[in-house]
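J.: To start, I am sharing the structure in question, which I have written as structure tokens.
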Amino acid sequence: KIIDEKLFNDLNAGKVTVSEVSEMNSVRKYLEGTNSIAGVYIQSTKETLSVYEAKSRGLLTPGTSLVLLEAQAATGFVIDPVKNKKLSVEEAVNKGVVGKEWKEKLLSAERAVTGYKDPYTGNTISLFQALQKDLIVKDHGIRLLEAQIATGGIIDPVYSHRVPVHVAYQRGYFNEEMNTILSDAGDDTKGFFDPNTKENLTYLQLIERCITDPVTGLSLLVIVKKGETYFFVDEETKLALKSKMTTKAGGKYKGTTVSLWELLYSQYITEEKRQELVKQYKAGSITIERFLEIILTIIQQQTSPKTSTTTTTTTTTVTETSEDKSFKGIRKGVSMSELFQS
């Protein structure tokens, strides 16, 4: 469930607010998703570019650029990383964030969010259902589905939010065969290209090689010049960090079980610190236990109150029915009961 029965009842009784629930990590993931690859960061000049601008400057091939932009459109919005704006395909073309020549291809990818039209029934159907009905090419559909799962879950186009995989099964948005294809990091799912190493990767692998913009929080694909050091975490180290779990983290992770990997890539850790700690761990200078201790200490320092500043909150009592309590979804409002049923 995106929200459990207790939370549903607390919302109904007014014990918690929609904004408080929306901020919960577990809920926000399904309402907004996590970051797609928003743009490009040029290591030598420290410049941030949109994917299309990187293509125009010859830093990315047209093929790599289109695949990255399709993944953006299929996970919610086309992103302008310079102005930190999320745009529909129509808006992105009008503002020059992408070229007109790609408009139709990106509108097609955007239907993974807004839904495809079944030509036989006229009903709105999901990306996977369109794939089953041969309305989109298999390789293309798998790439878009993979991008959705890597950024928080399969998008339900009817209700405009992401759903956990088991709910996607129940709603017919997914099946065992597709789960097997997407779970196996084989050639079928390695549809994304790292321009630095020339490797074909899954979308998740490529996201995990990105840096996080310290101002916007967006994920940016690093472009390095020949001879420059390209930092990324190898698969063996990544697996070790993902396997190390803790319940002791503070901040937004308080009271949850979370991996060292997730904490390392949270907003609490700077890019410089992240690289420094990974290098120390790989060199054998620190153990994985010490690694975790350092991360937990940094998070504690950042989240413990600096001063006893008090914020006055004015509470207005409003009588609402459960249907009135609407959350901000990807493209439209999502009712409380819909989150409970998901």
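Take the sequence shown: its position 164, counted from the start at 1, is 164 in the UniProt record's numbering, and no numbers get skipped.
We put the CB at the ideal spot given by N, CA and C, even for glycine.
#1: Could you check the C-alpha separation between G39 and C210 for me, to the nearest Å?
#2: Taking three-plus beta-carbon pairs below 8 Å as touching, is the segment 111-118 in contact with the segment 168-187?
#3: Assign I214 to one of two classes, buried (16 or more other C-beta atoms within 10 Å of its C-beta) or exposed (fewer than that).
#4: For L264 and G284, what's the separation of their Cα atoms in angstroms?
#5: What's the C-alpha gap between F128 and H140?
#6: Are T55 and S44 closer than 7 Å when you measure CB to CB?
#7: Cβ atoms of S50 and V89: under 7 Å apart, would you say?
#8: Measuring only the C-alpha atoms, how far is L292 from F232?
#9: With distance defined between alpha-carbon atoms, name the residue in T247, T34 and P62 nearest to F193.
#10: Please state whether DSSP places R290 in a helix, a strand or coil.
#11: Is it true that the CB of L260 sits closer than 7 Å to the CB of K238?
#12: Taking only three categories from DSSP, how would you classify M24?
#13: S337 to L144, Cα distance in whole Å?
#14: Can you tell me the Cα-Cα spacing of Y268 and L220, whole angstroms?
#15: If you follow the beta strand (DSSP E) that K85 is in, where does it begin and where does it stop?
#16: Determine the closest residue to A112 out of R162, T212 and T216, with distance taken between C-alpha atoms.
#17: Between the beta-carbon of L106 and the beta-carbon of A150, is there less than 7 Å?
#18: Just mark V67 as buried or exposed, buried being the case when its beta carbon has 16 or more other beta carbons within 10 Å.
#19: At which residues does the alpha helix (DSSP H) containing Q10 begin and terminate?
#20: How many Å lie between L11 and V18 at the Cα?
#21: Could you give the first and the last residue of the continuous alpha helix (DSSP H) run that contains V165?
#22: Specify, as a first and last residue, the run of the alpha helix (DSSP H) that G141 falls within.
#23: Could you work out which residue in E91, V82 and K83 is closest to G76 when comparing CA atoms only?
#24: Using beta carbons (cut-off 7 Å, strictly below), is Q148 in contact with chain C?
#25: Near E110, which residues of its chain fall below 6 Å by C-beta distance, leaving aside the five closest residues on each side in sequence?
#26: Please report the straight-line C-alpha distance between T48 and G99, rounded to a whole angstrom.
#27: Tell me G333's beta-bridge partners as DSSP assigns them.
#28: Between L277 and L135, what straight-line distance do the alpha-carbon atoms span, to the nearest angstrom?
#29: Locate the beta strand (DSSP E) running through T48, then write down its first and last residues.
#30: Report the rounded CA-to-CA distance for E53 versus L204, giving the unit in angstroms.
#31: Could you check the C-alpha separation between L218 and T212 for me, to the nearest Å?
#32: Can you tell which of E262, K254, K242 and R290 has its C-alpha closest to the C-alpha of E304?
#33: Closest by CA to G153, which one among T121, G333, I294 and T34?
#34: From I42 to I79, what distance separates their C-alpha atoms?
T.: For this structure:
#1: 10 Å
#2: no
#3: According to the sequence displayed, residue 214 carries Pro and not Ile. So P214 ends up on the exposed side.
#4: 18 Å
#5: Going from the Cα of F128 to the Cα of H140 covers about 11 Å.
#6: Correcting the residue identity first, residue 55 is Lys in this sequence and not Thr. The answer is no: Cβ separation not under 7 Å.
#7: no
#8: 19 Å
#9: P62
#10: helix
#11: no
#12: coil
#13: 28 Å
#14: 17 Å
#15: K85 to L87
#16: R162
#17: no
#18: Its Cβ being crowded by 16 or more others within 10 Å, V67 is buried.
#19: Contrary to the premise, residue 10 reads as Asp rather than Gln in this sequence. Residues E5 to A13.
#20: 7 Å
#21: V165 to Q170
#22: K138 to A150
#23: E91
#24: The structure shown contains no chain C; it is built from a single protein chain.
#25: A73 and V89
#26: Their backbone Cα atoms lie some 18 Å apart in a straight line.
#27: K328
#28: 47 Å
#29: Counting along the chain, the beta strand (DSSP E) containing T48 begins and ends at E47 to L49.
#30: 23 Å
#31: 6 Å
#32: Correcting the residue type first, residue 304 is Ser in the shown sequence and not Glu. It is K254.
#33: Ranking T121, G333, I294 and T34 by Cα distance to G153 puts T34 first.
#34: Straight-line Cα distance between these residues: approximately 17 Å.
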